[in-house]
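Following this note's numbering, the numbering of the sequence shown begins with 1 at its first residue and continues without gaps.
Glycine is no exception: its CB is placed at the ideal position from the N, C-alpha and C atoms.
Written below as structure tokens is the structure these notes are about.
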Amino acid sequence: MMIPLSYYLILSAALFTVGVIGVLVRRNAIVIFMSIELMLNAVNLSFVAISRYLDSLDGQIFVFFVMTVAAAEVAVGLAIIINLFRNRETVNVDEINIMKW
Numbered sequence: 001m002m003i004p005l006s007y008y009l010i011l012s013a014a015l016f017t018v019g020v021i022g023v024l025v026r027r028n029a030i031v032i033f034m035s036i037e038l039m040l041n042a043v044n045l046s047f048v049a050i051s052r053y054l055d056s057l058d059g060q061i062f063v064f065f066v067m068t069v070a071a072a073e074v075a076v077g078l079a080i081i082i083n084l085f086r087n088r089e090t091v092n093v094d095e096i097n098i099m100k101w
């Protein structure tokens, strides 16, 4: 039994929506980062599903690129958050105004 492509795209859209809501609603920097990762994985899911549907490897190559960017984003972002937490003792993005003029 083969699962239709539309199911994967609906799941991907739902995961992406949850990620967008997480970024817009939450104030914790760690949760915002996790929401961004959720959005990237939702896009990866749609890339893989469409790639499988079209019987092409292009989508899987894009997934590899997105995973690489996500790993770099996590490494740099977590370093920034840890440094901010050491200086401010909070990860609330509303209280972090160190980069403002």
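Buried versus exposed call for residue i [16 or more other C-beta atoms within 10 Å across all chains shown]
i: alanine 103; result: This structure cannot settle anything about residue 103, because the visible part of the chain is limited to 1 through 101.
i: valine 63; result: buried
i: phenylalanine 65; result: exposed
i: serine 128; result: Absent from the structure is residue 128, since the part of the chain shown begins at 1 and ends at 101.
i: isoleucine 21; result: exposed
i: leucine 24; result: exposed
i: alanine 79; result: exposed
i: leucine 84; result: buried
For residue i, the three-state DSSP class (helix, strand or coil)
i: asparagine 97; result: coil
Cβ separation of residue i and residue j, assumed to be a contact under 8 Å, to the nearest whole Å
i: glutamine 60; j: serine 46; result: Not a contact, Cβ separation roughly 12 Å.
i: valine 93; j: isoleucine 32; result: 7 Å
i: arginine 88; j: glutamate 95; result: 7 Å
Closest by C-alpha distance to residue i, when choosing among the options
i: serine 102; options: Arg86, Ala49, Gly19; result: The requested residue 102 is not part of the displayed model; the chain covers only 1 to 101.
Given 8 Å, three or more beta-carbon pairs between the region 35-55 and the region 63-82: yes
The region 42-51 / the region 6-19 touching (three or more Cβ pairs under 8 Å): yes
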